[in-house]
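Q: One structure, pasted below without further comment.
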Amino acid sequence: MTAIADAFLNIRADHLASDALFSQFIVPPFFKRKSIFADRRSVRILGGRGCGKTMFLRYFNHGSSLNPIREEIPESELESIGLYLRPDTGFCGLMTAPWLGEQRAKLAFSHYVALNLLVDACRAVSSINQANFALGRLNLGDPGLSAALAHQLRLKEPKVSALEAELEMRLVELEDWVRNPKANAEPTLVSFASVLPRLAGDLAKAHPRMARVGFRAFIDEFENLPGAHREVICDAIKHPSLQMAVHIAYKKHAVIDLKTSSDERIVEFHDLTTIDLEAELATGGEFELLAAELFLLRAHQADTPYNCPVFKPEKLHDARHLEYRLSKQYREQVLRCVREILPSPSATDISKGVVADAPLRKRLTDMIQKGLALQGLEGEVQAADLIDDKYPQASIVLGAVLNRRSQAKSDIVGAYRKAIDAGPSDTDPFFKVGGWIDNNLYGSLFYLYAGLPRRPNVMYAGFDRFCMLADPNLRFFQALCHAALLLAFERTNGKDMQGQLRVDVDVQAKAARQVSDKIYQDILQLGSHGVDLLEVAGRLGRLFQAFNRRRSQSEPEVNHFSIDHAERHQLSPQAERILREAKIWSVLYEETDTKNKSDYDIAQTDLILNPIYAPHFSISYRKRRKVTLSASHTDVLLSKSAQHYEAVLKELVNFGDQDPGQAEDRPGLFGQGRL
Amino acid sequence: MAFHVPAADEGLFEEVESRFRLLLAKHIVTGITEFQFNKWLTNFLTDEDRYLAARLLENLTFRSQEMVGSAIAHILQCILPAELRRVGLRFPSIEDFMQAVSAGGAHHPVRFVEVEGGNQPGKSGAVLMRELHRLGNVHNGLLIKAQDIKGLTGSVKALVFVDDMLGTGTQFIAFAKANHLADETGKRKLIYCPLAAYSDGLKNLANECPWLVVCPVEVFGPKHRFFRGEDARPEVWSIDRVNLVAEVRAHMEMMCKRGGISSSGYGLELLIGFHHATPNNTLPVMYAKTPWNHLLVR
Amino acid sequence: MRFLRQDIVSEGEAAHVGQFDVAFFGRDDLDDRSRHSAALSRAVARRHCPVRYDAAAFTLTVDGQTVSVNDLEDLFRSIRAQSILLDATTLEFPEILYVLAAYRMQSPRPHCGFFYVEPDGYKLKEAGAHVVPGSAFDLSQGFKERNSLPLFARLLSDTNKAHLIAFLGFEGDRLMRELDGDDGHFYRRVSIVFGIPPFQPSWDLHALMANSSLLERQNTNVLYCGANNPLSAYRLLHEAHAGIAAGDLNRLVVAPFGTKPMALGVALYCLDNEVLSPIYDHPVRKPDRTFGVNRRHWYEVDLAR
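Residue numbers (the working numbering), protein chains in the order written: chain A, 70 to 744; chain B, 2 to 299; chain C, 8 to 312.
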């Protein structure tokens with residue numbers, strides 16, 4: 070029996086035994102769109118943390134693809150038996166030139182890969198023996214091996230069982246020798262690029278149905294391997310064998326160059342194809358569907374009742390059922406179900422909430438009052454009288470508009486009163502399409518909430534909003550759900566749920582803030598430059614926070630920045646380095662600008678702060694407005710001192726527009742200075 | 002300005018509260034149920050009250066049984082071998098000393114003496130003797146009471162007194178007088194090892210019992226007192242550098258009065274708790290009962 | 008390994024701990040206590056040797072002479088000593104480990120002493136810089152890419168998973184970075200060790216605060232060991248060692264991310280026990296990361312037993 074909340078605790082792919090993994094993996098929609106591993110070319114799988122990269126790789130491992138739970142397995146699976154290696158990168162650091170000498174280091178690494186893949190290959194033979202093929206069970210028994218292979222690996226007998234028994238010894242010999250090359254004998258080093266195909270060749274002879282057997286080796290964490298080791302892998306990619314395809318997985322941006330040991334380069338399309346998991350997930354609403362299905366799967370696993378008859382957990386794990394899952398009706402019902410469990414308040418609802426809540430109403434009143442003062446109207450009309458409970462959206466936007474110097478001399482109050490009395494129409498400046506409410510409501514709401522940073526901000530509540538915060542990171546999404554469910558139901562078991570499963574918007578808002586704060590703090594642990602990344606995220610966050618706190622909201626919802634392409638290349642090497650790290654760890658995303666604000670066709674690059682940090686800074690997560698920065702400003706932001714940054718901040722944001730005494734992020738818990 | 006929650010600390014209470022629950026869940030703070038913690042929190046009604054509660058929790062030094070075990074290890078592995086060596090009691094290695102202490106034996110040169118408090122019938126003292134045995138593996142035969150001292154033979158060269166807290170020192174001085182410890186000085190070395198000691202108490206003992214060697218495991222000083230002021234600006238509360246000390250005291254006074262308890266207790270105004278008891282120099286707001294809800298047990 | 012002394016010494020007593028053939032020290036220019044400790048070490052030794060470990064090249068440079076970790080015996084052959092003193096304040100963990108490893112090969116093994124000096128305090132981050140729990144202090148500029156330490160590293164794999172024991176200090180992110188990188192793959196169980204009793208009261212609270220997110224993890228338990236008691240660190244590892252089963256959780260990995268005396272205990276245990284694999288992230292220490300000089304510790308061990 071699981072507590073509902075606990076069902077959403079991060080489940081690491083590696084902790085799962087293969088059959089458990091099989092029932093956790095949800096086949097993503099893009100499997101339909103893209104033919105995965107259609108040909109013999111190598112594939113590189115790109116994805117940041119939390120987008121399911123390791124789960125994805127493990128899914129193709131024989132333990133999952135040939136799992137006894139599966140029925141009607143096609144023969145074609147034998148042509149590409151998945152093997153998985155996650156290198157012990159710490160130890161691999163020893164198999165390098167300074168320790169073993171250049172040549173030996175490469176041979177040692179290849180040997181290391183060979184042994185590990187052979188271990189998995191032996192397990193694959195067991196998987197084959199137990200698999201439910203469509204054409205019937207296949208019993209290979211204990212296949213024989215060629216004399217060559219047996220000799221290379223010093224086997225007692227040329228049989229797979231002997232191989233399995235000896236591999237542990239071979240690994241121990243390798244380990245002893247690498248740890249202390251002088252004290253221990255160098256083992257006979259074999260190359261994985263030749264040994265695995267040789268094994269495949271031997272297995273092919275074991276049974277007629279095995280004639281076309283081949284391996285598909287997945288090397289995970291490729292970016293953490295030293296350069297020389299990556300070359301060894303790239304050699305196998307550049308010169309593939311019929312019986313073994315080598316695939317690699319790494320974080321996008323983490324590897325710039327794929328080159329072989331003879332300095333040839335791996336060429337896209339010719340040598341390998343790419344699956345960009347994050348890009349695939351971000352495509353047309355697919356993340357939402359996946360997230361919703363994941364939610365219901367977890368609810369199902371915790372025995373929690375939910376109302377969605379079309380959702381069938383058993384159909385999630387096999388690509389055969391994709392058509393069913395991609396139908397319009399299925400999508401609509403699944404999304405509707407989850408949206409009922411995690412409801413989103415509409416902008417109108419939120420506006421009503423603002424005027425009904427004393428502190429928020431007061432903040433709005435102050436905002437309007439200051440605007441009246443700016444327009445010279447403070448004698449004529451009182452802010453409190455202007456707030457309308459029937460059309461709070463208009464009242465809220467009134468606050469922003471009144472605070473704009475550009476609006477001086479127009480009769481805003483008059484227009485407002487008319488709009489309120491007449492009700493929403495297509496002609497008044499407030500309610501018309503593309504009018505003040507359309508353009509400013511969200512920004513103004515963010516502004517109001519920003520003034521009460523401890524208040525849970527319901528603008529972040531709702532399944533759809535959770536998706537916007539988390540996309541494309543499923544781990545973030547699960548963290549949001551876990552926090553929300555924990556706050557709502559504590560340790561209640563799924564079975565003991567009373568009534569309909571539903572989480573209040575206030576609880577969701579609190580969860581969003583908690584999770585955002587935590588993930589933000591965790592930046593510190595990302596790679597070896599966590600400290601720098603935290604500093605950058607903090608600076609950007611504060612910059613957008615400052616924009617958000619402007620009463621005028623003259624540019625509402627600024628939450629990303631751009632650099633002109635021309636300026637982009639002028640960034641200092643240090644800034645470039647930090648920018649790259651930030652992208653590797655998904656602290657920042659870089660995109661080419663698709664819609665230009667100005668009429669000039671200036672190519673720009675957008676740099677977006679990961680929306681998951683938005684609740685922490687009380688800023689918008691919607692990609693709306695940006696600020697264009699010069700190369701020198703960007704340099705300061707990314708790499709210069711705190712004082713320098715403060716100066717740039719003052720330059721970019723007109724602080725006269727802000728409320729005094731805004732609560733900033735807390736200073737050190739131990740204060741400043743000395744302990 | 003009156004006592005208030007500094008703008009930058011608006012979220013402090015929530016953060017500290019959830020962290021304290023985590024400490025409870027992971028048994029880093031022990032002997033307190035979550036239920037008890039919830040009850041203690043009900044003492045605090047306003048945002049200012051809660052802010053003060055957060056600062057109290059944040060600055061609480063709590064020693065669980067396992068931590069006490071580590072402190073005892075410190076006594077047996079660092080303090081005693083060095084002090085005994087000074088009076089010619091050498092062991093080939095620290096491990097040998099520890100083995101000897103767990104083997105015991107009538108000719109063992111060291112005895113551990115239970116420290117009995119004046120008005121509190123020796124609660125902590127007995128507990129610590131038990132822990133010396135259970136966590137420190139000290140042989141039961143080496144654990145004695147003060148009245149057994151006169152019956153000791155000449156082979157015993159050192160008496161070790163282990164206690165949890167040395168505050169002002171008055172308790173130990175009274176204990177020493179009552180048991181005529183000063184008379185032992187010629188025959189044997191007297192070593193006092195409180196797990197925690199306050200600097201004033203150390204000074205006091207140095208004056209009143211100069212024959213006693215005092216080796217505390219942890220030493221607390223004026224900068225660990227809850228209401229301390231900043232070095233540069235003594236009127237400003239050093240914990241948040243915003244509120245004034247006088248205002249903090251006044252608020253604590255008000256809260257405690259409402260709860261029917263004393264605000265500063267015996268005067269040292271510290272925040273120390275042990276799993277087995279709370280020293281009387283810890284602020285009463287942590288341990289007072291009825292009608293106040295207590296967190297720690299005194 | 009036997010522990011002979013774990014004393015607190017005054018400045019005067021420090022001058023009389025004995026006469027040593029060689030004193031090894033590291034970066035003695037970083038802060039007050041580094042300068043002080045290195046001076047104490049040099050005062051009681053005939054020969055003074057600065058030591059630096061190069062993590063990328065796997066070499067140890069001692070008094071100008073560079074030696075591969077593969078050839079440590081060259082070290083004691085060229086600098087013969089019957090007694091050695093290591094300045095644990097200024098030497099980094101790998102330097103302590105490899106110097107001791109070298110002299111353990113010498114026959115007879117030398118007599119061995121260590122100085123460690125506590126600071127008065129640690130430097131906080133500059134005003135205005137960004138702070139979250141765990142990053143309140145300004146101690147390191149960054150960390151180098153983690154390499155295993157040769158001679159001591161062990162291979163982890165699907166059938167060789169590890170119990171990780173991590174000694175913790177003020178820098179909350181060091182262990183989290185390691186665990187994040189591993190992502191639950193090789194480290195199946197984690198024990199975190201807090202230094203209690205701490206150097207000074209309330210310092211344990213900082214460490215707890217800095218590492219509280221670790222407490223939320225599953226498969227994680229908490230242990231304690233004295234912050235300046237190398238023997239207690241040694242004994243803790245001994246207990247953990249006894250707890251490893253046969254089966255696939257059969258490796259013990261240790262992260263000496265806490266105080267230097269803890270790291271010393273770890274190094275000493277590693278020398279005696281092959282099963283233990285230390286990992287290290289080579290922090291780049293910032294100058295004046297600490298200030299003042301507090302207690303001085305003198306540790307002595309017998310390598311021979």
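Here a beta-carbon is modelled for each residue, glycine too, at the ideal position from N, C-alpha and C.
All values derive from a computational prediction rather than experimental measurement.
Looking at the C-beta of Thr1 (chain B), does it have a partner C-beta in chain C at a distance below 8 angstroms?
A: An answer regarding residue 1 (chain B) cannot be provided, because it is not within the stretch 2 to 299 covered by chain B.
Q: Report yes if the C-beta distance between Val200 (chain C) and Leu175 (chain C) is below 8 angstroms; otherwise report no.
A: The sequence position of residue 200 (chain C) within the third sequence is 193, counting from 1. The sequence position of residue 175 (chain C) within the third sequence is 168, counting from 1. Contact: yes.
Q: Measuring CB atoms only, is the region 23–32 of chain C touching the region 83–92 of chain C, in the sense that at least three cross pairs come out at less than 8 angstroms?
A: A contact exists between the region 23–32 of chain C and the region 83–92 of chain C.
Q: In whole angstroms, what separates the C-alpha of Ser687 (chain A) from that of Leu13 (chain B)?
A: The sequence position of residue 687 (chain A) within the first sequence is 618, counting from 1. The sequence position of residue 13 (chain B) within the second sequence is 12, counting from 1. So the two alpha carbons sit approximately 17 angstroms from each other.
Q: Exposed or buried, what is Ser145 (chain A) when buried is set at 16 or more other beta-carbons lying within 10 Å of its beta-carbon?
A: Taking the first residue of the first sequence as position 1, residue 145 (chain A) is located at position 76. By the neighbour-count rule (16 or more Cβ atoms within 10 Å), Ser145 (chain A) is not buried but exposed.
Q: I want to verify the contact list: residues of chain A whose CB lies under 8 angstroms from the CB of Gly230 (chain B), in sequence order.
A: On the second sequence, residue 230 (chain B) is found 229 positions in, with the first residue counted as 1. Here the premise fails: no neighbours, minimum Cβ distance about 13 angstroms.
Q: Assuming Gln13 (chain C) and Asn226 (chain C) form a contact by the criterion Cβ under 8 angstroms, report the distance between their Cβ atoms to the nearest whole angstrom.
A: Stepping through the third sequence from its first residue, residue 13 (chain C) is reached at position 6. Stepping through the third sequence from its first residue, residue 226 (chain C) is reached at position 219. Rounded, the Cβ-Cβ distance is 33 angstroms, inconsistent with contact.
Q: On the three-state DSSP scale, how would you describe Arg394 (chain A)?
A: Position 325 of the first sequence, counted from the first residue, corresponds to residue 394 (chain A). DSSP places Arg394 (chain A) in helix when its eight states are reduced to three.
Q: Along the beta strand (DSSP E) that carries Asp675 (chain A), what are the first and last residues, could you check?
A: Locating residue 675 (chain A) in the first sequence gives position 606, counting from the first residue. Element bounds for Asp675 (chain A): 673–678.
Q: Do the CB positions of Ala177 (chain A) and Leu258 (chain A) come within less than 8 angstroms of each other?
A: Along the first sequence, one-based indexing puts residue 177 (chain A) at 108. Along the first sequence, one-based indexing puts residue 258 (chain A) at 189. Yes, the Cβ-Cβ distance between Ala177 (chain A) and Leu258 (chain A) is below 8 angstroms.
Q: Along chain B, in chain order, which residues have C-beta atoms closer than 7 angstroms to that of Phe10 (chain C)?
A: Within the third sequence, numbered from 1, the residue matching residue 10 (chain C) stands at position 3. Chain B residues near Phe10 (chain C): Ser94, Ile95, Glu96.
Q: Considering only residues of the region 82–123 of chain C, which uninterrupted beta strand (DSSP E) runs meet the minimum length of 3 residues and lie entirely inside it, listed in chain order?
A: Taking only runs of at least 3 residues, the beta strand (DSSP E) segments lying wholly in the region 82–123 of chain C are 90–94.
Q: Determine, using beta carbons only, whether Leu240 (chain A) comes closer than 8 angstroms to chain C.
A: Indexing the first sequence from 1 puts residue 240 (chain A) at position 171. Output row for Leu240 (chain A): interface = yes.
Q: Strictly below 7 angstroms CB to CB, what residues from chain E border Asp180 (chain C)?
A: Looking for chain E here will not work: the only protein chains present are A, B and C.
Q: Given this structure, state the Cα-to-Cα distance separating Val16 (chain C) from Leu46 (chain B), to the nearest angstrom.
A: For the purposes of this step, residue 16 (chain C) is taken as residue 9 along the third sequence, with counting starting at 1. For the purposes of this step, residue 46 (chain B) is taken as residue 45 along the second sequence, with counting starting at 1. Computed Cα separation, rounded: 50 angstroms.
Q: Could you check if Ser164 (chain C) is buried or exposed, using at least 16 other CB atoms within 10 Å of its CB as the buried criterion?
A: Position 157 of the third sequence holds residue 164 (chain C). Classification of Ser164 (chain C): buried, given that the 10 Å Cβ count is 16 or more.
Q: So, at 6 angstroms on beta carbons, what are the nonlocal neighbours of Gly730 (chain A) in its own chain, with the 5 sequence-adjacent residues on each side left out?
A: Counting from 1 along the first sequence, the entry for residue 730 (chain A) is found at position 661. In this prediction, Gly730 (chain A) has a pLDDT of 44, which is less than 50 and means its spatial position is unreliable; nothing more can be read from the coordinates.
Q: Kindly indicate if chain B contains any beta-carbon less than 8 angstroms away from that of Gln13 (chain C).
A: Here residue 13 (chain C) refers to the residue found at position 6 of the third sequence. Interface residue, yes.
Q: List, in chain order, every chain A residue whose beta-carbon is nearer than 8 angstroms to that of Gly268 (chain B).
A: Counting from one through the second sequence, the residue named residue 268 (chain B) turns up at place 267. Neighbours of Gly268 (chain B) on chain A: none; closest Cβ ~26 angstroms, over 8 angstroms.
Q: Please identify, using Cβ separations under 9 angstroms, the residues of the region 234–247 of chain B that lie next to chain C, in order along the chain.
A: Listed by position, the residues of the region 234–247 of chain B near chain C (Cβ gap below 9 angstroms) amount to none.
Q: Using 8 angstroms as the limit for Cβ to Cβ distance, is Asn280 (chain C) near chain B?
A: Here residue 280 (chain C) is taken as the residue at index 273 of the third sequence, counted from 1. Closer than 8 angstroms: no.
Q: Does any C-beta atom of chain A lie closer than 8 angstroms to the C-beta of Met183 (chain C)?
A: Taking the third sequence and counting its residues from 1, the one referred to as residue 183 (chain C) is at position 176. So, interface residue.
Q: Give the residues from the region 382–408 of chain A that approach chain B closer than 8 angstroms (Cβ to any Cβ), ordered along the chain.
A: Per Cβ criterion, the list is empty.
Q: Measuring CB to CB, does Ile103 (chain C) end up less than 8 angstroms from Leu271 (chain C)?
A: The residue given as residue 103 (chain C) occupies position 96 in the third sequence. The residue given as residue 271 (chain C) occupies position 264 in the third sequence. The answer is yes: Cβ separation under 8 angstroms.
Q: Only counting the same chain, and skipping five residues up and downstream in sequence, which positions put a Cβ closer than 6 angstroms to that of Pro217 (chain B)?
A: The residue labelled residue 217 (chain B) in the question sits at position 216 within the second sequence. For Pro217 (chain B), where only same-chain residues beyond five positions count, the Cβ hits under 6 angstroms are Pro195, Ala198.
Q: Could you have a look at Thr417 (chain A) and say whether DSSP puts it in helix, strand or coil?
A: Indexing the first sequence from 1 puts residue 417 (chain A) at position 348. DSSP places Thr417 (chain A) in helix when its eight states are reduced to three.
Q: Between which two residues does the beta strand (DSSP E) containing Lys695 (chain A) stretch?
A: Position 626 of the first sequence, counting from 1, holds the residue named residue 695 (chain A). That run of the beta strand (DSSP E) goes 694–698.
Q: Work out the CA separation of Asn628 (chain A) and Ile677 (chain A) for me, nearest whole Å.
A: Locating residue 677 (chain A) in the first sequence gives position 608, where the first residue counts as 1. Locating residue 628 (chain A) in the first sequence gives position 559, where the first residue counts as 1. Whole-angstrom Cα-Cα distance: 7 angstroms.
Q: Output needed for Asn218 (chain C): all residues of its chain with C-beta closer than 6 angstroms, excluding positions within five of it in sequence on either side, in chain order.
A: As a working note, residue 218 (chain C) is residue 211 in the third sequence. The answer, listed in chain order, is Leu175, Gly179.
Q: Just the Cα atoms here: how many angstroms apart are Ala159 (chain B) and Ile251 (chain C)?
A: For the purposes of this step, residue 159 (chain B) is taken as residue 158 along the second sequence, with counting starting at 1. For the purposes of this step, residue 251 (chain C) is taken as residue 244 along the third sequence, with counting starting at 1. Roughly 40 angstroms between the two C-alpha positions.
Q: Tell me whether Ala233 (chain B) is buried or exposed, calling it buried when 16 or more other Cβ atoms sit within 10 Å of its Cβ.
A: Locating residue 233 (chain B) in the second sequence gives position 232, where the first residue counts as 1. Burial call: exposed.
Q: Contact check, Asn542 (chain A) vs Cys120 (chain A) under 8 angstroms by CB: the rounded distance?
A: For the purposes of this step, residue 542 (chain A) is identified with residue 473 of the first sequence, where counting begins at 1. For the purposes of this step, residue 120 (chain A) is identified with residue 51 of the first sequence, where counting begins at 1. The Cβ separation is near 6 angstroms, so the contact holds.
Q: Considering only DSSP beta bridges, list what Glu140 (chain A) is partnered with.
A: Working through the first sequence from its first residue, we reach residue 140 (chain A) at position 71. Answer by DSSP bridge pairing: none, since Glu140 (chain A) is not bridged.
Q: So, are the CB atoms of Pro157 (chain C) and Arg173 (chain A) less than 8 angstroms apart?
A: Here residue 157 (chain C) corresponds to residue number 150 of the third sequence, with the count starting at 1. Here residue 173 (chain A) corresponds to residue number 104 of the first sequence, with the count starting at 1. No, they are not a contact pair.
Q: Helix or strand or just coil, what does DSSP make of Asp164 (chain B)?
A: On the second sequence, residue 164 (chain B) is found 163 positions in, with the first residue counted as 1. Looking at Asp164 (chain B) - three-state DSSP - the assignment turns out to be strand.
Q: Compare the beta carbon distance of Tyr153 (chain A) and Phe287 (chain A) with 8 angstroms and say whether it is the shorter of the two.
A: Your numbering for residue 153 (chain A) matches position 84 in the first sequence. Your numbering for residue 287 (chain A) matches position 218 in the first sequence. Yes.
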